[in-house]
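S.K.: Using the numbering used here, the first residue of the sequence shown is number 972, and each one after it goes up by one.
Quick one: this structure, given as structure tokens, is what I'll be asking you about.
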Amino acid sequence: MSDRRRDWREQLTTALVQAYDLIAVEALQVQAMMRRGHGRGRSAKAGLNRAIGEQGWSAFRRRLQEKASMCGVEVVEVDPAYTSQRCQQCGYTARDNRQSQAVFQCGSCGHTAHADQNAAQNILAAGLAVSGRGGGCTWAAGEPSTAWGVV
Ligand SMILES: [Zn+2]
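What follows is the structure in structure tokens.
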């Protein structure tokens, strides 16, 4: 059982560092955001967060970091404060922006989005700011039960 879990972790971390050139993760939460690099490797995206789960996260993070270092891929840890309350469009931050578990609606500019998607975009933006990179093709991952999508 633990062997199978380890095998899976090895395969997935390898696939991720091959597919992305920047991986931003929200500290302490099962939420991750990747930027796709080099136009390859879409296969790694499916069900990442769903598969990791709470328990496997710290081991996964550690192994991902080790492999990323070897391959020149950046893993950026982002402060989770306000990523779910901040408007990705205008920056307005308020608890009321988070209308429900699923719905984000900005009280300032009216921007609406899936709450997980809005948070994931904030995580990537913060990761890009830390790393000094920008642009490119992005993928977002929401909470464990949600599917991946192009941002
Ligand atoms: Zn706004």
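We treat Cβ as the ideally placed atom computed from N, Cα and C, and that holds for glycine.
Since we're looking at a predicted model, the values are computed, not measured.
#1: Which of helix, strand or coil does DSSP assign to T1054?
#2: Who's in the neighbourhood of ligand 3, going by beta-carbon under 5 angstroms from any heavy atom, listed in chain order?
#3: My output table needs one value for A1084: the three-state DSSP class, helix, strand or coil.
#4: Could you check if R1057 is buried or exposed, using at least 16 other CB atoms within 10 Å of its CB as the buried criterion?
#5: What is the DSSP secondary structure of A1091, reduced to helix, strand or coil?
#6: If distances are taken between C-alpha atoms only, which option among E1048, A1090, R1032, D1050 comes closest to Q1060?
#7: Between the C-alpha atoms of V1049 and H1085, what's the straight-line distance to the nearest angstrom?
#8: In this structure, how does DSSP classify Q1076 when only helix, strand and coil are distinguished?
#9: Please name the residue, chosen from I994, A1030, Q1036, that lies closest to R976 on a Cα-to-Cα basis.
M.R.: In this structure, then:
#1: coil
#2: As presented, the structure is devoid of ligand 3, carrying ligand 1 as its sole ligands.
#3: strand
#4: buried
#5: helix
#6: A1090
#7: 20 angstroms
#8: strand
#9: A1030
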